[in-house]
Amino acid sequence: MKRRYIVVLIFLFSGILLSNSQTRSTKGAKIILVINKESNTVEHIELLANFQKKNKKQLTIAYSNHKFFLGVLKGKYSLENDLITPGNNTTIILYTEKQFSFPEPYIQGDNLNLGDEFDLGKTKAKVIANKKGELVLKTQ
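My numbering puts the first residue of the sequence shown at 35, with every later residue one more than the last.
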């Protein structure tokens, strides 16, 4: 009987430890890249599921000078206040022709070449592939 309790306690304790972890790893998380229209820079990255829960009117007011693009994050990342910080060697696929919420012309991926580097919020990224409608980035 004691053995069952110990097994249950170990199981619950390990679940608590795993659920409080701030660093996560994924084979592919759907994300939204929030891009400033004026500077054309990525201000931050959010999980698509969290972003979809937000009120459209609040988004319009808070992000009046922004556009939102869908993407996939493959690798490790940390999550703080709904904002994603990709880990080193994380791959981000940005769908340049798939904009979320407010329709805009596509992001100008044509100007980016292999090896180009830029900021993704707080993280640096490098272009590793640029196909029609898809921009693949690797974090550094």
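All residues carry an ideal CB built from backbone N, CA and C; glycine is no exception.
Fill in: Reduced DSSP secondary structure (H/G/I, E/B, other) of asparagine 147
For the purposes of this step, residue 147 is taken as residue 113 along the sequence shown, with counting starting at 1. Reduced to three states, the DSSP call for asparagine 147 is coil.
Practice prompt. Please report how far the alpha carbon of isoleucine 127 lies from the alpha carbon of phenylalanine 85, in whole angstroms.
Written response: For the purposes of this step, residue 127 is identified with residue 93 of the sequence shown, where counting begins at 1. For the purposes of this step, residue 85 is identified with residue 51 of the sequence shown, where counting begins at 1. About 18 Å.
Worksheet item: Considering only residues of the same chain and omitting the five flanking positions on each side of isoleucine 69, which have a CB-CB separation below 8 Å?
Response: Mapped onto the sequence shown, residue 69 falls at position 35. The beta carbon of isoleucine 69 sits closer than 8 Å to the beta carbons of Thr75, Val76, Glu77, His100, Lys101, Phe102, Phe103, Ile141 from its chain, once the five residues preceding and following it are set aside; these are given in chain order.
Practice prompt. Label leucine 46 either buried or exposed according to how many other C-beta atoms from any shown protein chain fall within 10 Å of its C-beta, with 16 as the threshold for buried.
Written response: For this step, residue 46 is matched to residue 12 along the sequence shown. A caution first: leucine 46 carries a pLDDT of 49, below 50, which makes its placement in the model unreliable, though a value can still be read off. Leucine 46 comes out exposed.
Worksheet item: Which residue comes first and which comes last in the alpha helix (DSSP H) that contains glutamine 174?
Response: Against the sequence shown, residue 174 aligns to sequence position 140. Neither: glutamine 174 is in no alpha helix (DSSP H) and is coded neither H nor E.
Practice prompt. Could you spell out where the beta strand (DSSP E) holding asparagine 164 opens and where it closes?
Written response: Within the sequence shown, residue 164 is the residue found at index 130, counting from 1. Where asparagine 164 is concerned, the enclosing beta strand (DSSP E) stretches over 157-165.
Worksheet item: What residue from Ser73, Thr124, Phe134 has the CA that sits closest to threonine 94's CA?
Response: Residue 94 sits at position 60 when you count from the first residue of the sequence shown. Put simply, of Ser73, Thr124, Phe134 the residue whose alpha carbon is nearest the alpha carbon of threonine 94 is Phe134.
Worksheet item: In whole angstroms, what is the alpha-carbon distance linking asparagine 147 and leucine 154?
Response: Counting from 1 along the sequence shown, the entry for residue 147 is found at position 113. Counting from 1 along the sequence shown, the entry for residue 154 is found at position 120. If you take the alpha carbons of asparagine 147 and leucine 154, they lie about 16 Å apart.
Worksheet item: According to DSSP, what are the bridge partners of threonine 125?
Response: The residue labelled residue 125 in the question sits at position 91 within the sequence shown. In DSSP, threonine 125 forms a bridge with Lys108, Lys172.
Fill in: Close beta carbons around glutamate 151, own chain, < 8 Å, minus the five adjacent residues each side
In the sequence shown, counting from the first residue as 1, residue 151 sits at position 117. Correct list, in chain order: Lys158, Ala159, Lys160, Val161, Gln174.
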